[in-house]
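Residue numbers (our numbering): 64 to 208. Have a look at the structure below before the remarks.
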C-alpha cells in the first residue's frame with residue numbers, strides 16, 4: 064500500500080449506504096446506516112425504533128450485535144473496497160448497560176488486517192451521550208481470495 068492509499072478510504076459513506084440498501088436489506092430495515100468512515104474505521108448508526116426493543120424499551124441485544132458487526136464490515140471496506148463475501152468468523156459482545164430511547168452509534172477500528180483475516184474492536188454508545196458506553200465488541204472477519 065502506498066502512502067496515498069493509506070490516507071484515503073477505498074469507499075465513501077454513500078457507496079456503503081447504497082450497498083446496505085441494495086444488498087443488506089435487513090440492516091436497512093432495522094434503521095442502520097453508515098454515518099462516517101476513514102481508513103481503518105467505520106461509524107454506523109441505529110435509529111431508535113420501538114420495534115427493536117425488549118420489554119422496558121431496551122434495545123435488543125441482537126440489534127447491538129448487528130450494529131457492531133456492520134461497523135466492522137465498513138472498517139474492512141475502508142481498506143479493501145466493498146468485498147461482499149468478507150464474512151464474520153467471530154463476534155464477541157459485552158453488554159455493559161441498557162440502551163433506552165436513543166439512537167446508537169457503533170465505531171469500529173481495525174486493529175489488524177492480514178491477507179485472510181481482519182480483527183477489529185467496536186464501541187457502541189448513545190448518540191446523545193457519547194460518553195455512555197453501551198457495549199464493547201471484538202470481531203474477526205474472514206476475507207475471501
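The beta-carbon is built from N, C-alpha and C at its ideal position, and this holds for glycine as well.
The beta-carbon distance between residue 137 and residue 149, rounded to whole angstroms, is 11 Å. This is too long to meet the 8 Å contact definition.
Per DSSP, reduced to three states, the secondary structure at residue 173 is strand.
Of the residues assessed, residue 75 falls on the exposed side of the cut-off, its CB having fewer than 16 other CB atoms within 10 angstroms.
Shown here for residue 133: same chain residues with a beta carbon closer than 7 Å to its own, the five before and five after excluded, namely 90, 95 and 107 in chain order. The Cβ neighbour count for residue 72, taken over all protein chains shown within 10 Å, is at least 16; the residue is labelled buried.
Note that the C-beta distance between residue 197 and residue 162 is below 7 Å. The Cβ atoms of residue 179 and residue 206 sit closer than 7 Å to each other. For residue 99, the three-state secondary structure derived from DSSP is strand. Annotated as proximal: residue 166 and residue 110, with beta-carbon spacing under 7 Å.
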